[in-house]
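Heads up, the sequence shown is in the numbering used here, so the first residue is 118 and it goes up one at a time. To start, the structure under review is shown below, and the notes come after it.
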Amino acid sequence: LKITKMNSAAEKILELAESDCAGRSYDRIFGGPIEEIVGRKTPVERAAARYTTRSGKSLWLGLNLSLLKDSSGKGIGHILVFTDLTELKAFQSQMELRDRLSTLGEMSGGIAHELRNPMAVISGYTKILSKKADASLLPAVDAISREVSVMDRIITDFLSFARPTELVISDVDLDKLIRSCIQSISEPAGGIAISCDTAGLPPIKGDEVLLRQSISNLLQNAIESMPEGGELRVLCSTGNGLVLSISDTGHGIPENIREKIFLPFFTTKERGTGLGLPIVHKVVGSHGGTIHLDSNERGTTFKITFPGSIIVSRQPDIAKLEQKRISSQSRRDTEKT
118 LKITKMNSAA
128 EKILELAESD
138 CAGRSYDRIF
148 GGPIEEIVGR
158 KTPVERAAAR
168 YTTRSGKSLW
178 LGLNLSLLKD
188 SSGKGIGHIL
198 VFTDLTELKA
208 FQSQMELRDR
218 LSTLGEMSGG
228 IAHELRNPMA
238 VISGYTKILS
248 KKADASLLPA
258 VDAISREVSV
268 MDRIITDFLS
278 FARPTELVIS
288 DVDLDKLIRS
298 CIQSISEPAG
308 GIAISCDTAG
318 LPPIKGDEVL
328 LRQSISNLLQ
338 NAIESMPEGG
348 ELRVLCSTGN
358 GLVLSISDTG
368 HGIPENIREK
378 IFLPFFTTKE
388 RGTGLGLPIV
398 HKVVGSHGGT
408 IHLDSNERGT
418 TFKITFPGSI
428 IVSRQPDIAK
438 LEQKRISSQS
448 RRDTEKT
């Protein structure tokens, strides 16, 4: 089968040019699921498949393959129709993830409360032992104390994840907040070039503490993914909303675990709790935003999108200006009288 025609939408979605494809065999142009579907030469309706363009961009496509017939009903080719379902799939995944996180959050809260009481008892007895135990036993007591502290931190994270997010809303200077977060990690980030393009951002309505925690978490993850050095980029843009992107040039996140990283207790770190990214997801969602992951062997980008309603408008209040104008006019009329 050879490609004879490709419309502009297909060129844009697949990042191809009709002039480069016309007259060439389909298996020299397409890869993955498209090649397989066309190769079977059997009609397909409403199939969905992941597709990677030549630039490495990952897409979800809705596919339909039908037989093209001439006026006599004889098959003369095939028509492949596809739709870019990437945004729809991302939205569905976000909604499913929020439902799962809500259920797991309630479970985590119960577990954390059940663990905190016995851990408090262990901590109390450990302090008593540290005062009464022989010197030879003190290293063991200190080891117990350290592990109790670790468990207490994990329980605190559990409760932070499980507790309903109550936002303390204020006007947040996002540019200043991001640069402050970068400053706090700049010393440990040896050998990593950091660029930040956030100047001129408008203030936003949000919880400064939670936003700082979330952005710091993403920045720290990016730093840890580049143990041998690399580049960390932070970009912000405004349009219909506000988009914050944090990109690294680290080892990337394997495809088989990308769907799991926002799930509680899933971690690839030796001493991680697996609650950092779920908490980030929860904070972003509580601000009406979404977070999306794009990763390959060249690095990882976390893109946070907030709605336009979160941006603080610095435009004058037209109603107040009109009221002020009317009052001034009334005052002048009174003075004339």
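Each residue gets a CB set at the ideal place from its N, CA and C atoms; glycine is no exception. Keep in mind it's a predicted model, so treat the numbers as computed, not measured.
Close beta carbons around residue i, own chain, < 6 Å, minus the five adjacent residues each side
i           : result
residue 127 : none
residue 425 : 357 and 358
residue 144 : 152
residue 362 : 352, 418 and 420
Separation of residue j from residue i, as counted between CA atoms
i           : j           : result
residue 190 : residue 184 : 10 Å
residue 364 : residue 312 : 10 Å
residue 396 : residue 295 : 18 Å
residue 258 : residue 391 : 28 Å
residue 202 : residue 289 : 34 Å
residue 244 : residue 253 : 16 Å
residue 129 : residue 136 : 13 Å
residue 293 : residue 341 : 23 Å
residue 378 : residue 369 : 12 Å
residue 166 : residue 235 : 49 Å
residue 255 : residue 291 : 47 Å
residue 231 : residue 386 : 25 Å
residue 241 : residue 209 : 47 Å
residue 262 : residue 372 : 39 Å
residue 122 : residue 158 : 17 Å
residue 212 : residue 173 : 26 Å
residue 186 : residue 142 : 20 Å
residue 384 : residue 349 : 22 Å
residue 414 : residue 375 : 13 Å
residue 416 : residue 381 : 23 Å
residue 146 : residue 307 : 43 Å
residue 247 : residue 300 : 39 Å
residue 405 : residue 355 : 16 Å
residue 249 : residue 260 : 16 Å
Expected contact under 8 Å - CB spacing of residue i and residue j to nearest Å
i           : j           : result
residue 139 : residue 120 : 6 Å
residue 328 : residue 400 : 7 Å
residue 337 : residue 302 : 6 Å
residue 321 : residue 429 : 6 Å
residue 168 : residue 193 : Their Cβ separation, rounded to whole angstroms, is 26 Å, which puts residue 168 and residue 193 out of contact at 8 Å.
residue 180 : residue 196 : At roughly 11 Å, the Cβ-Cβ gap does not stay under 8 Å, so residue 180 and residue 196 are not in contact.
residue 403 : residue 284 : 6 Å
residue 132 : residue 163 : That pair is no contact at about 24 Å.
residue 326 : residue 420 : Not really, about 22 Å apart at Cβ, beyond 8 Å.
Residue environment, residue i, which counts as buried when at least 16 other CB atoms sit within 10 Å
i           : result
residue 178 : buried
residue 205 : exposed
residue 156 : exposed
residue 251 : exposed
residue 351 : buried
residue 412 : buried
residue 407 : buried
residue 228 : exposed
residue 323 : buried
residue 148 : exposed
residue 118 : exposed
residue 433 : With a pLDDT of only 44 at residue 433, under the threshold of 50, the placement of this residue in the model should not be trusted; the figure read from the coordinates follows. Looking at its Cβ environment, which holds fewer than 16 other Cβ atoms inside 10 Å, residue 433 is exposed.
Residue from the options whose Cα sits closest to the Cα of residue i
i           : options               : result
residue 367 : 166, 259 and 418      : 418
residue 393 : 339, 412 and 354      : 339
residue 353 : 315, 324 and 326      : 315
residue 266 : 381, 233 and 284      : 233
residue 124 : 199, 186, 142 and 159 : 199
residue 422 : 398, 415 and 414      : 398
residue 286 : 188, 427, 415 and 118 : 427
Nonlocal neighbours in the same chain, by C-beta distance under 7 Å from residue i, ignoring five residues either side
i           : result
residue 207 : 409
residue 161 : 154, 180, 181 and 182
residue 237 : none
residue 344 : none
residue 347 : 309, 365, 366 and 367
residue 269 : 236
Nonlocal neighbours in the same chain, by C-beta distance under 8 Å from residue i, ignoring five residues either side
i           : result
residue 298 : 329, 332, 333 and 336
residue 239 : 261 and 265
Proximity test, residue i beta-carbon vs the ligand NAP heavy atom, cut-off 8 Å
i           : result
residue 361 : Ligands displayed in this structure: none; no statement on the ligand NAP is therefore possible.
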